[in-house]
Amino acid sequence: MNIGKQFIYSFYHLKRVSTFRIQKIGKPIGYLFFVMAITMLFNIIQFLNSPQQVNVVGENQFPLALWIPLLYLFTTALKFIGVSFLATVGLFIKEIMKKPLQYKHTWTLSAYAVTTPTLLFAILEAFSWQPPFAWLLYWVLAIGYLYLIIRYIPKPKKRNTK
Numbered sequence: 012m013n014i015g016k017q018f019i020y021s022f023y024h025l026k027r028v029s030t031f032r033i034q035k036i037g038k039p040i041g042y043l044f045f046v047m048a049i050t051m052l053f054n055i056i057q058f059l060n061s062p063q064q065v066n067v068v069g070e071n072q073f074p075l076a077l078w079i080p081l082l083y084l085f086t087t088a089l090k091f092i093g094v095s096f097l098a099t100v101g102l103f104i105k106e107i108m109k110k111p112l113q114y115k116h117t118w119t120l121s122a123y124a125v126t127t128p129t130l131l132f133a134i135l136e137a138f139s140w141q142p143p144f145a146w147l148l149y150w151v152l153a154i155g156y157l158y159l160i161i162r163y164i165p166k167p168k169k170r171n172t173k
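The C-terminal residue of the sequence shown carries number 173 in the working numbering, and the numbering is unbroken.
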């Protein structure tokens, strides 16, 4: 399945997203780079639409061509850290729900669970609106999505021992 379909499914088809857990780790890593590239588009649009300040003569301005890739790499690295933390929370969720998952599975599912909160807050930021306690709302949404995704994973079947 291509990355565009995975992106669309991550918004509304959580049962399908639960099947993504068996992907190799390269797919969700590439997916996070894709999501963060889309998020950066909102940041670039906001930056280009904001009023520009005039530089003082002799003041160095960091070139925009260098600033954007550095910002992209930094925000993507932070997203990887956030997904790793969410995957750890996912291990607690899977224990409560008695689901057969390992950390690599919860990491993969977490990569897809952060799609909606990430893009929602990127859009809100593009419109220069930041809700109070945005970080808390982000984590509640991400953990909620991960919970809903893990809920669709079938429980292991019991073996008959005769």
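Each residue gets a CB set at the ideal place from its N, CA and C atoms; glycine is no exception.
Identity of the residue in Leu130, Arg27, Ser139 and Thr86 nearest phenylalanine 58 by Cα: Ser139
Take every Cβ of the region 106-123, pair it with every Cβ of the region 26-33, and state whether three or more of those distances are shorter than 8 Å. yes
Hey, how far is the Cα of alanine 145 from the Cα of leucine 157? 18 Å
Helix, strand or coil: how does DSSP classify tyrosine 123 here? helix
Taking the alpha-carbon positions, what's the serine 95 to leucine 75 distance? 30 Å
Whose C-beta lies closer than 6 Å to the C-beta of phenylalanine 45 among residues of the same chain, with five residues either side of it excluded? Ile14
Option nearest lysine 169 by Cα separation, candidates Pro111, Ile40 and Leu97: Pro111
Using only alpha-carbon positions, find the residue among Met108, Gln141, Pro80 and Trp78 that is nearest to isoleucine 160. Met108
Residue burial classification, isoleucine 92 (beta-carbon count within 10 angstroms, cutoff 16): exposed
I'd like to know whether the C-beta atoms of threonine 126 and phenylalanine 53 end up nearer to each other than 8 Å. no
Is the Cβ-Cβ distance between leucine 97 and alanine 124 less than 8 Å? yes
Please confirm whether tyrosine 149 and leucine 25 have their CB atoms less than 8 Å apart. no
Would you kindly work out how many angstroms separate the C-alpha atoms of glutamine 141 and proline 167, rounded to a whole number? 42 Å
Have a look at lysine 115 and isoleucine 79 and give me their C-alpha separation to the nearest angstrom. 30 Å
Contacts around lysine 90, its chain only, beta-carbon distance under 8 Å, and the 5 residues preceding and following it disregarded: Leu43, Val46, Met47, Val125 and Thr129
In chain order, each alpha helix (DSSP H) run of at least 4 residues that lies wholly inside the region 21-98: 25-29 and 37-60
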